[in-house]
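Working notes for the structure below.
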Amino acid sequence: MPPAGPARGSRPRPLATYVAQFAEAEGFAHVHFHVVPRTADLPAELRGPRVFGLLRQPQHLRVPDGTRDEIVRALHERLRPGPPAP
88 MPPAGPARGS RPRPLATYVA QFAEAEGFAH VHFHVVPRTA DLPAELRGPR
138 VFGLLRQPQH LRVPDGTRDE IVRALHERLR PGPPAP
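Letter 67 of the sequence shown, counting from 1, is numbered 154 in the working numbering, and no numbers are missing.
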């Protein structure tokens, strides 16, 4: 299976962004989102709903935990409600 994405530090512009939302489990009062950029180098066998195959990548090919946490913090800050723009 190919690597999960480009080398660390490289940021190709995504061609598309997949967004998947889950909120169906009884007893859970939250919504779960996956936001996945789709770059030109993503193999055809991992496009569309098959993108979740990336979750089965070996640990050394995954986004490191610290980087993942930075991404989540940046998204949280960007999506935080605030005063409307002028």
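Virtual Cβ for every residue (Gly too), placed ideally from N, Cα, C.
- Message: Let's test the definition: count the other Cβ atoms within 10 Å of the Cβ of Leu148 and tell me whether it reaches 16, buried, or not, exposed.
- Response: An exposed status is given to Leu148, since fewer than 16 other beta-carbon atoms sit within 10 Å of its beta-carbon.
- Message: Quick check on the burial criterion: 16 or more other C-beta atoms within 10 angstroms. Buried or exposed for Leu102?
- Response: Its Cβ having fewer than 16 others within 10 Å, Leu102 is exposed.
- Taking Ala160 as part of the alpha helix (DSSP H), name the residues at either end of that continuous run. A quick correction: the sequence has Arg, not Ala, at residue 160. From DSSP, the alpha helix (DSSP H) with Arg160 extends over 152-166.
- Residues in its own chain within less than 6 Å of Thr126 by CB, not counting five upstream and five downstream? Leaving aside the five residues that flank Thr126 on each side, the residues in its chain whose CB is nearer than 6 Å to its CB run, in chain order, Pro99, Pro101.
- Query: Would you report the Cα separation of Arg143 and Leu162, rounded to the nearest angstrom?
  - Reply: Spanning the two alpha carbons is a distance of roughly 24 Å.
- Evaluate Leu129 with the Cβ neighbour count: other Cβ atoms within 10 Å of its Cβ, from every protein chain shown; 16 or more gives buried, anything less gives exposed. It is buried - the Cβ of Leu129 has at least 16 other Cβ atoms within 10 Å.
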